[in-house]
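One structure is given here, and the rest of the page talks about it.
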């Protein structure tokens, strides 16, 4: 196992992963260390100071999204645990890490460091639609879809999102009917919608679900939703009104969509777990820092001194009172 040099915040307990503290680990090599440093610098430069303003304004800065594409963050967020080597023709990988060396630990480090900005809305506004809508195309899409959709996604000129959650079915994929999709992350900026549609059977039948990529165009109506949180994620309602989609935009095999979507959920759940993991560390770090400055935290020492001083005062007053009482002060019953 390799012992790594300490990195990050070493003063706050549990604010960093254990291997950041210098503990040996068999899972991380020099490419992981390189990615960690670059991802932290990118987050500090482009997210930490801006994330709060994005949340208040209800939108990300789209120049930052373009910068993310230039700096190689789009491709890893789309690829997840594995990155196809041929994709590097259309986009770079942050840290210039070779595609064939990229693994799940790189994916974890990238999501973990991005989440240090403390805003799920900011990170989600940049990458969630891409991370959840894109893999369906590159894993199961035809050569036509891969060649016509993926390059523009990777260079940052177009955006994609996944449209599954329905007003009446939620994320219960087998019960969808597909006329409107609600709570679609990044939907307001979407150029393509990886959409689950019913092509056979009735609600409740998972064998009748297909996935199609719907380009934004006539009949596609998108409206922003006001959410209780993650305001800068661009969460929207997408309504499909008599939309005509060419057969070339079918993803994979007709009626196999349920399988595709379920496999893609694993990637989504891992990203959410990575984000929640770091968010918990951020809460600990912020609370710990505040506790060092908050005046109430000083009462522990002050109350100990107060107890000691009051004891001294009691002893002095009692002794002098006995002297004033003379002999009565030393006689039981007075």
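Numbering (full-length UniProt numbering), first residue to last: 1 to 334.
For glycine and all other residues, C-beta sits at the position ideal for the given N, C-alpha and C.
Note that the coordinates shown come from a computational prediction; the quantities given were computed from them, not determined experimentally.
- Measure the CB-CB distance between residue 116 and residue 40 and report whether it falls below 9 Å. Residue numbering aside, residue 116 sits at position 116 when the chain shown is read from its first letter. Residue numbering aside, residue 40 sits at position 40 when the chain shown is read from its first letter. In contact: residue 116 and residue 40 (Cβ atoms closer than 9 Å).
- Message: Run through the DSSP bridge pairs and tell me what residue 278 is partnered with.
- Response: By one-based count along the chain shown, residue 278 stands at place 278. Answer is none; residue 278 lacks a bridge partner.
- Which runs of the alpha helix (DSSP H), 4 residues or longer, sit entirely within the segment 239-327? 257-293, 299-325
- Query: Pick from 124, 242, 285: whose alpha carbon is nearest that of residue 188?
  - Reply: For the purposes of this step, residue 188 is taken as the residue at position 188 of the chain shown. Checked all of 124, 242, 285; the closest Cα to residue 188 is 124.
- Query: What's the C-alpha gap between residue 173 and residue 275?
  - Reply: Along the chain shown, read from residue 1 onward, the residue named residue 173 stands at position 173. Along the chain shown, read from residue 1 onward, the residue named residue 275 stands at position 275. The pLDDT assigned to residue 173 is 47, lower than 50, so where the model puts this residue is not dependable; a value taken from the coordinates is nonetheless given after this. Roughly 24 Å separates the two Cα atoms.
- Range covered by the alpha helix (DSSP H) that runs through residue 131: Walking along the chain shown from the start, residue 131 turns up at place 131. Start and end: 120-140.
- On the three-state DSSP scale, how would you describe residue 192? Here residue 192 is taken as the residue at index 192 of the chain shown, counted from 1. Judged by DSSP in its simplified three-state form, residue 192 adopts strand.
- Task: Identify every residue that forms a DSSP beta bridge with residue 161.
- Result: Walking along the chain shown from the start, residue 161 turns up at place 161. According to DSSP, residue 161 shares a beta bridge with 193.
- Item | For residue 112, the nearest candidate out of 279, 85, 90, 242 (CA to CA) | Start at 1 with the first residue of the chain shown, and residue 112 comes out as number 112. The residue with the shortest Cα to Cα distance from residue 112 is 279.
- Task: Using 10 angstroms around the beta-carbon of residue 70, count the other beta-carbons present and answer buried if the total reaches 16, otherwise exposed.
- Result: For the purposes of this step, residue 70 is identified with residue 70 of the chain shown, where counting begins at 1. Burial call: exposed.
- Item | Identity of the residues DSSP links to residue 213 by a beta bridge | The sequence position of residue 213 within the chain shown is 213, counting from 1. Answer is 194, bridged to residue 213.
- Item | Whole-angstrom C-beta distance between residue 58 and residue 232, which should lie under 8 Å | By 1-based counting over the chain shown, the position of residue 232 is 232. By 1-based counting over the chain shown, the position of residue 58 is 58. Their Cβ separation, rounded to whole angstroms, is 6 Å, which keeps residue 232 and residue 58 in contact under 8 Å.
- Task: Figure out for me which residue from 84, 131, 21, 156 has the closest Cα to the Cα of residue 66.
- Result: Mapped onto the chain shown, residue 66 falls at position 66. It is 156.
- Three or more C-beta pairs below 8 Å linking the segment 254-267 and the segment 145-156: Taking 8 Å as the limit for Cβ pairs, the verdict is that the segment 145-156 does not touch the segment 254-267.
- Once you ignore the five residues that flank residue 120 on each side, which residues in its own chain have a CB closer than 8 Å to its CB? Here the question's residue 120 lines up with position 120 in the chain shown. Apart from sequence neighbours up to five positions away, the residues of its chain that approach residue 120 with a beta-carbon distance below 8 Å are 229, 230, 233, 275, 279, ordered along the chain.
- Query: How would you write the range of the beta strand (DSSP E) that residue 149 sits in, first residue to last?
  - Reply: Here residue 149 is taken as the residue at index 149 of the chain shown, counted from 1. Where residue 149 is concerned, there is no enclosing beta strand (DSSP E), although the alpha helix (DSSP H) it sits in stretches over 143-154.
- Backbone CA spacing between residue 199 and residue 138 [nearest angstrom]: In the chain shown, counting from the first residue as 1, residue 199 sits at position 199. In the chain shown, counting from the first residue as 1, residue 138 sits at position 138. When rounded, the distance between both Cα atoms is 22 Å.
- Provide the residue span of the beta strand (DSSP E) that contains residue 34, from first to last. Here residue 34 is taken as the residue at index 34 of the chain shown, counted from 1. That residue, residue 34, is in no beta strand (DSSP E); its alpha helix (DSSP H) goes 30-46.
- Message: With the cut-off set at 9 Å, would you say residue 75 and residue 92 are in Cβ contact?
- Response: To locate residue 75, count along the chain shown from 1; it is residue 75. To locate residue 92, count along the chain shown from 1; it is residue 92. Against a cut-off of 9 Å, the Cβ pair of residue 92 and residue 75 comes out as a contact.
- Is DSSP giving residue 223 helix, strand or coil here? As a first step, residue 223 must be located in the chain shown, where it is residue number 223. It is a strand residue.
- Give a yes or no on whether the C-beta atoms belonging to residue 288 and residue 15 are separated by under 9 Å. For the purposes of this step, residue 288 is identified with residue 288 of the chain shown, where counting begins at 1. For the purposes of this step, residue 15 is identified with residue 15 of the chain shown, where counting begins at 1. The answer is yes: Cβ separation under 9 Å.
- Task: Could you have a look at residue 111 and say whether DSSP puts it in helix, strand or coil?
- Result: On the chain shown, position 111 is the one that residue 111 refers to. Residue state, collapsed to three classes: helix.
- Run the proximity test for residue 201: is its beta-carbon closer than 8 Å to any non-hydrogen atom belonging to the ligand MN? The ligand MN is absent from the structure shown, which contains no ligands of any kind.
- Message: For residue 337 and residue 323, I'd like the C-alpha separation in whole angstroms.
- Response: Within the shown structure, residues of the chain are numbered from 1 to 334, placing residue 337 beyond reach of any answer.
- Leaving aside the five residues before and after residue 5 along the sequence, list all residues of the same chain whose C-beta is less than 7 Å from its C-beta, in chain order. As a first step, residue 5 must be located in the chain shown, where it is residue number 5. 22, listed in sequence order.
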